[in-house]
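What follows is the structure, encoded as structure tokens:
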């Protein structure tokens, strides 16, 4: 294969979710921007699916110090404190940007942005637009993007990064919908590809959430951290089968929803009697999984989430998407409970960044869920949407300020990628078969509860799957081969990091830990797992 088109830009943004669009908006102030989107912009990422809200300190009784403490505590102190400081300090400013650009959030009688309580937070600080918050945000951001000169390439999938002779990322190679190869050359590149929990059988992520960014950054030589930290959202839909794992927003519990087992017991009393349903997501997910494993779950393998005690008007005005979703399933949540169970939702680890969103490779910036360090071992609900805006803005700004690239792109790298693409036409194994096998392996051996034997089994099988010679029978299959290749890499990163952390911490629970590790209570216990192509190790960070 050969390069069919060459596109130049000052800043290349890879990804079109909330973080990517915000980065492009900011970068456009400094020069020409090209945004490459695997899907239709704003349609394929998780931002548009995010229902619950955006955390920001807007009231005098709350404070950024308390938001910081809640975030660090919720993350079991695995967070990078400098990133948390930026998040909590700038989240209100980025919320003001959205409002100024036309986003419509729910408001109080005093015409202030309304805020609801979310798990693990001492004050109601989650701003919302009903339960369509992410959709409102992404529509506002796309309108703002339209006012810039950003050149948008939609349904074009980046395959790998390219570097110049100095070792700096100098752009990327991509496939368009017709199977043509496009070379994007840039002075700076922003990685904003979102998450990757589609490597699990049951996931809230859109079909595009296949971990491409983690895999590409790893192959390029970037450092990734804490990839073992996978958030299983406590409440995903249990049925119908095709809707398994579909997000049931934390806003349901924030508005007063109760979790009940098959005996109709409010079981969170056994796990966190103080915070109950508004405990942190890792605690609630394990609680639900334990109830089911110990025989107190429903016949479908879930528990009940009940809002029937709430006024119908509250449900209709504050949870309209949930009402509509369950009515389509034949359930009226105003009169009967939902059935829910944990579902793979968010990867807290990812590419290591500085507060300026610089990665460990010159020329490459990153923001959003593809990065690690902001959320530690467990993310608080509402912090992800704030993350997209705070670090999207920062990534776009610092990438935009990057100097013009001086080095020549290494042609050997381009040849290597095109040869790899051509090789898929000579493969023998269907990528769909490998994908299905991978997802089941990760769900069964690297899920909520883990052990060394299960993780070693998973790693061995993932490696065997990665060695399969994937077959592209058409240009559509060619892209699928690239995607499954990335999924295998991302799954391997998750399992390898999980094996290296023998403790119980946040979302990571090892059944075979020698001693049940208490939750970290101090930033001095900041031990993280670092992974690059050169190796994997545990490191101690400065407090």
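Residue numbers (my numbering): 5 to 547.
In this text, a Cβ means the ideal position worked out from N, Cα and C, and glycines have one as well.
In this text the structure is predicted, and so the values were computed from the model without any measurement.
Distance, residue j Cα to residue i Cα
{"i": "residue 438", "j": "residue 63", "result": "50 Å"}
{"i": "residue 517", "j": "residue 124", "result": "25 Å"}
{"i": "residue 128", "j": "residue 283", "result": "14 Å"}
{"i": "residue 112", "j": "residue 343", "result": "31 Å"}
{"i": "residue 220", "j": "residue 228", "result": "11 Å"}
{"i": "residue 494", "j": "residue 457", "result": "20 Å"}
{"i": "residue 87", "j": "residue 23", "result": "15 Å"}
{"i": "residue 270", "j": "residue 257", "result": "13 Å"}
{"i": "residue 20", "j": "residue 142", "result": "9 Å"}
{"i": "residue 73", "j": "residue 431", "result": "52 Å"}
{"i": "residue 353", "j": "residue 177", "result": "25 Å"}
{"i": "residue 130", "j": "residue 508", "result": "28 Å"}
{"i": "residue 156", "j": "residue 41", "result": "8 Å"}
{"i": "residue 70", "j": "residue 93", "result": "11 Å"}
Residue from the options whose Cα sits closest to the Cα of residue i
{"i": "residue 191", "options": "501, 500 and 368", "result": "368"}
{"i": "residue 163", "options": "421, 434, 297 and 432", "result": "421"}
{"i": "residue 532", "options": "74, 81, 51 and 17", "result": "81"}
{"i": "residue 492", "options": "482, 470 and 509", "result": "470"}
{"i": "residue 180", "options": "66, 394 and 480", "result": "480"}
{"i": "residue 60", "options": "392, 337, 477 and 220", "result": "392"}
{"i": "residue 34", "options": "42, 44 and 14", "result": "14"}
{"i": "residue 250", "options": "494, 172, 325 and 473", "result": "325"}
{"i": "residue 510", "options": "213, 233 and 68", "result": "233"}
{"i": "residue 381", "options": "512, 216 and 157", "result": "512"}
{"i": "residue 184", "options": "7, 514 and 418", "result": "7"}
{"i": "residue 246", "options": "208, 478 and 286", "result": "208"}
{"i": "residue 319", "options": "447, 535 and 338", "result": "338"}
{"i": "residue 400", "options": "487, 49, 47 and 149", "result": "149"}
{"i": "residue 280", "options": "121, 371 and 140", "result": "121"}
{"i": "residue 224", "options": "174, 313 and 372", "result": "174"}
Beta-bridge partners of residue i, as assigned by DSSP
{"i": "residue 509", "result": "512"}
{"i": "residue 144", "result": "Note: residue 144 sits in no beta bridge, so no partner."}
{"i": "residue 155", "result": "38"}
{"i": "residue 534", "result": "229 and 541"}
{"i": "residue 131", "result": "58 and 119"}
{"i": "residue 419", "result": "Answer by DSSP bridge pairing: none, since residue 419 is not bridged."}
{"i": "residue 13", "result": "190"}
{"i": "residue 342", "result": "309"}
{"i": "residue 453", "result": "513"}
{"i": "residue 177", "result": "164 and 187"}
{"i": "residue 466", "result": "Residue 466 is not bridged to any residue."}
{"i": "residue 413", "result": "168"}
{"i": "residue 376", "result": "356"}
DSSP state of residue i mapped onto helix, strand, coil
{"i": "residue 526", "result": "Its pLDDT being 47, under 50, residue 526 is placed unreliably in this model, and the value from its coordinates should be taken loosely. Coil, per DSSP."}
{"i": "residue 139", "result": "helix"}
{"i": "residue 167", "result": "strand"}
{"i": "residue 51", "result": "helix"}
{"i": "residue 125", "result": "coil"}
{"i": "residue 243", "result": "coil"}
{"i": "residue 59", "result": "strand"}
{"i": "residue 28", "result": "helix"}
{"i": "residue 335", "result": "coil"}
{"i": "residue 489", "result": "helix"}
{"i": "residue 272", "result": "helix"}
{"i": "residue 109", "result": "coil"}
{"i": "residue 45", "result": "coil"}
{"i": "residue 95", "result": "helix"}
{"i": "residue 258", "result": "helix"}
{"i": "residue 205", "result": "coil"}
{"i": "residue 22", "result": "helix"}
{"i": "residue 362", "result": "strand"}
{"i": "residue 315", "result": "coil"}
{"i": "residue 7", "result": "strand"}
{"i": "residue 347", "result": "strand"}
Spatial neighbours of residue i in its chain, beta-carbon cut-off 6 Å, leaving aside the 5 residues before and after
{"i": "residue 226", "result": "355, 363, 364 and 365"}
{"i": "residue 154", "result": "28, 32, 37 and 39"}
{"i": "residue 503", "result": "459"}
{"i": "residue 9", "result": "186"}
{"i": "residue 406", "result": "191 and 192"}
Residues of its chain near residue i, where Cβ-Cβ distance is below 7 Å and the 5 sequence neighbours each way are ignored
{"i": "residue 465", "result": "445"}
{"i": "residue 253", "result": "55, 56, 135 and 326"}
{"i": "residue 290", "result": "452 and 513"}
{"i": "residue 267", "result": "300"}
{"i": "residue 137", "result": "54, 55, 56, 57, 58 and 389"}
{"i": "residue 26", "result": "145, 392, 393, 396, 397 and 400"}
Any non-hydrogen atom of the ligand ATP within 7 Å of residue i CB
{"i": "residue 367", "result": "The ligand ATP is absent from the structure shown, which contains no ligand whatsoever."}
Residues of its chain near residue i, where Cβ-Cβ distance is below 8 Å and the 5 sequence neighbours each way are ignored
{"i": "residue 244", "result": "333"}
{"i": "residue 152", "result": "28, 29, 32 and 37"}
CB contact below 8 Å: residue i versus chain B
{"i": "residue 306", "result": "The displayed structure is made up of one protein chain only, and chain B is not part of it."}
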